[in-house]
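**Q** Let me give you the structure first, and then I'll get to my questions.
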Amino acid sequence: MNKSQETSLVLMILMPLCALIPGSVAVWLVYTQGAHLRPLLMFTLVMILGSLFWGVPAVLQRVHKGRKVHADERDLLIYKNCVVAAHIVLWLYFAVVCLVAWWLAGPEGMVSVHMMPLVLVGAVALFVLVEYLAAFIQYGRGGDDA
4 MNKSQETSLV LMILMPLCAL IPGSVAVWLV YTQGAHLRPL LMFTLVMILG
54 SLFWGVPAVL QRVHKGRKVH ADERDLLIYK NCVVAAHIVL WLYFAVVCLV
104 AWWLAGPEGM VSVHMMPLVL VGAVALFVLV EYLAAFIQYG RGGDDA
């Protein structure tokens with residue numbers, strides 16, 4: 004396993020947890036304490052930061068621009084492919100969630116709005132998981148020194 008695969012594996016485990024745990028706590032606080040300003044701001048902050056995880060590699064590349072080792076074309080292509088794969092899975096996730104909710108509630112039924120924050124938390128965690136899983140798989144194709 005090369006260094007890029009190890010990094011992707013660690014991020015694949017840690018980043019979804021970083022979205023699931025604070026997001027779930029924020030949703031739980033809203034349900035137990037009501038829709039007060041603090042839990043709503045916490046939920047909003049977690050969702051904004053979680054949805055911006057995909058931009059971390061680009062920011063880190065600009066911060067470390069003065070160093071000798073830069074990302075090459077292969078790294079940029081892998082990064083773009085990972086984000087595209089995560090977006091495709093995210094849209095499939097939303098389509099499945101909508102269809103399942105429609106199927107369970109029926110044409111005359113209603114779906115509670117309390118499910119929406121949970122759908123958002125799951126979407127952010129799934130996006131980050133798929134992004135780093137795709138990076139793990141693509142870096143694995145290059146051999147031990149890629």
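If you're matching positions, the sequence shown starts at 4 in our numbering and goes up one per residue.
Note that CB positions come from ideal geometry on N, CA and C, so glycine has one too.
(1) Closer than 8 Å is the cut-off here; do at least three beta carbon pairs connect the segment 122 to 137 with the segment 17 to 34?
(2) Just mark D148 as buried or exposed, buried being the case when its beta carbon has 16 or more other beta carbons within 10 Å.
(3) With a Cβ-Cβ cutoff of 8 Å, do L32 and P42 count as a contact?
(4) Report buried or exposed for S115, applying the criterion of at least 16 other Cβ atoms within 10 angstroms of its Cβ.
(5) Please name the residue in T35, V30, Y34 whose C-alpha comes closest to that of T47.
(6) At what residues does the alpha helix (DSSP H) containing R144 begin and finish?
(7) When we look at the beta-carbon of Y142 and count the other beta-carbons within 10 Å, is it buried (16 or more) or exposed?
(8) Which value, in whole angstroms, describes the spacing of the CA atoms of V124 and C101?
(9) Can you tell me whether G26 is buried or exposed, with buried defined as 16 or more other CB within 10 angstroms of its CB?
**A** So, to answer that:
(1) Touching, yes, given that three or more Cβ pairs across the two stretches are closer than 8 Å.
(2) On the sequence shown, position 145 is the one that residue 148 refers to. Legend: pLDDT at D148 = 49, less than 50; position of this residue unreliable, no value from coordinates given.
(3) Position 29 of the sequence shown holds residue 32. Position 39 of the sequence shown holds residue 42. The answer is yes: Cβ separation under 8 Å.
(4) Looking up residue 115 in the sequence shown gives position 112. Burial call: exposed.
(5) Numbered from 1 along the sequence shown, position 44 holds the residue referred to as residue 47. Scanning T35, V30, Y34 for the CA closest to the CA of T47 turns up V30.
(6) Reading the sequence shown from its first residue, position 141 is the one you call residue 144. Where R144 is concerned, there is no enclosing alpha helix (DSSP H), given that its DSSP letter is neither H nor E.
(7) Position 139 of the sequence shown holds residue 142. Y142 is buried by the Cβ-count criterion.
(8) The residue you call residue 124 lines up with position 121 of the sequence shown. The residue you call residue 101 lines up with position 98 of the sequence shown. Taking C-alpha positions only, V124 is separated from C101 by approximately 15 Å.
(9) Here the question's residue 26 lines up with position 23 in the sequence shown. The residue in question, G26, is buried, as its Cβ has 16 or more Cβ neighbours within 10 Å.
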